[in-house]
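*Asks:* Chain order of the listed sequences is A and B. The numbering of the first sequence is the working numbering, which starts it at 1 and goes up by one. The numbering of the second sequence is the working numbering, which starts it at 1001 and goes up by one. Built from N, CA and C at the ideal position, the CB exists for glycine as well. Let me give you the structure first, and then I'll get to my questions.
There are 2 protein chains.
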Amino acid sequence: MSQRRRSRRASKRQARAPVFAALGDETRLSLVAKLCSGRPYSISQLTRGSKLTRQAITKHLRVLESVGIVHSVRSGRESRFEFDPQPMEGIKEYLDFVSAQWDQALSRLKAFVEE
Amino acid sequence: MSQRRRSRRASKRQARAPVFAALGDETRLSLVAKLCSGRPYSISQLTRGSKLTRQAITKHLRVLESVGIVHSVRSGRESRFEFDPQPMEGIKEYLDFVSAQWDQALSRLKAFVEE
DNA sequence: TTAATATGCAACCCGGAGGTTGCTTAAAAT
DNA sequence: ATTTTAAGCAACCTCCGGGTTGCATATTAA
């Protein structure tokens, strides 16, 4: 593979770790699971049914927002959070890359054994 | 969907956050990228070319090992680490679930607008 | 106008994550 | 037999993540 492709992938990978990290928490996975239904939720709505404080939930939402998984829209006195799919599509690409590498490895092994 | 399915998915999600968290670090993403080629690497080999200490790399490997992404095989004086694909397949399922939810949301929106 | 609701901001606590250094032990190489 | 090389263990440091409480502010409801 060319040098350009390599560095391009490396620079993309640079941006993926924070997305994985943002998903590395049960609370935030739950929030994403709710928000990916497409319906916007206010902070208070997302707090109801959770054992955590509103501020804790807010912090988690800010983490998700900082990597672009959600964004907030202020509406009157409440701010509604909405899901944004792009970052998660991004890390899917990484996982697909890893899978592809692994499949190639298995193929090489198989070819070696069968020869 | 049935209650059983819901709880089964919830229990799976329980196990996914640590996997995401394990991938939420540049150094560990690099390690995974190397190891998914199928070739086993010793700790020293993985340390060469990194700016970190051997012990730092070791800690990262233990994190990956703790969620089953890699496992180590002792061979003489060195311990070789090998990639293990299952956990990453697991989080793919979660990402697919989120995508499916989101696609449904878009479909509903489209149907609503067009009616 | 007053009370209730939704949010923001700041300080603070605590534990763990990421990293280092130093020392020890085990294998391999010379 | 001695010296490299590979790795494990433990102590230590610093900083950030997750969470809380307290107070201030802006909207909405009564």
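Rounding to the nearest angstrom, what Cα-Cα distance links residue 1003 of chain B and residue 1091 of chain B in this structure?
*Replies:* With a pLDDT of 42 at residue 1003 of chain B, under the threshold of 50, the modelled position of this residue cannot be trusted; read the value that follows with caution. Between residue 1003 of chain B and residue 1091 of chain B, the C-alpha separation is close to 22 Å.
*Asks:* With H, G and I counted as helix, E and B as strand and the rest as coil, what does DSSP make of residue 1065 of chain B?
*Replies:* Reduced to three states, the DSSP call for residue 1065 of chain B is helix.
*Asks:* With DSSP collapsed to three states, give me the class of residue 1115 of chain B.
*Replies:* Coil at residue 1115 of chain B, not helix or strand.
*Asks:* Would you mind stating whether residue 1105 of chain B and residue 101 of chain A have Cβ atoms separated by less than 9 Å?
*Replies:* Cβ distance not < 9 Å, so residue 1105 of chain B and residue 101 of chain A don't count as in contact.
*Asks:* Could you list which residues in chain B have their beta carbon closer than 7 Å to that of residue 92 of chain A, in chain order?
*Replies:* Result: 1095.
*Asks:* Please report the distance separating the alpha-carbon of residue 81 of chain A from that of residue 43 of chain A.
*Replies:* Spanning the two alpha carbons is a distance of roughly 8 Å.
*Asks:* Please state if the CB of residue 1061 of chain B and the CB of residue 1031 of chain B are separated by a distance shorter than 9 Å.
*Replies:* Yes, Cβ-Cβ distance for residue 1031 of chain B and residue 1061 of chain B is below 9 Å.
*Asks:* Along the chain, where does the beta strand (DSSP E) containing residue 80 of chain A start, and where does it finish?
*Replies:* Element bounds for residue 80 of chain A: 78–83.
*Asks:* Would you mind telling me which residues of chain B sit closer than 8 Å to residue 142 of chain A, beta carbon to beta carbon, in chain order?
*Replies:* Given that chain A is displayed from residue 1 to residue 115, the structure contains no residue 142 of chain A and the question cannot be resolved.
*Asks:* By DSSP, does residue 99 of chain A sit in helix, in strand, or in coil?
*Replies:* In this structure, residue 99 of chain A counts as helix in the three-state DSSP scheme.
*Asks:* Go to residue 1028 of chain B, then tell me how far its alpha helix (DSSP H) extends in each direction, as first and last residue.
*Replies:* 1026–1035 is the span of the alpha helix (DSSP H), which, as asked, contains residue 1028 of chain B.
*Asks:* How many angstroms separate the CA atom of residue 20 of chain A from the CA atom of residue 1064 of chain B?
*Replies:* Using only the alpha carbons, I get a separation of about 14 Å.
*Asks:* Look at the Cβ atom of residue 1024 of chain B, then the Cβ atom of residue 1083 of chain B, and state whether they are nearer than 9 Å.
*Replies:* Going by C-beta atoms, residue 1024 of chain B is not nearer than 9 Å to residue 1083 of chain B.
*Asks:* Measuring straight from C-alpha to C-alpha, what distance separates residue 22 of chain A and residue 1074 of chain B?
*Replies:* Cα-Cα distance, rounded: 34 Å.
*Asks:* May I have the straight-line CA-CA distance separating residue 1098 of chain B from residue 1050 of chain B, to the nearest angstrom?
*Replies:* Approximately 35 Å, taken between the alpha carbons.
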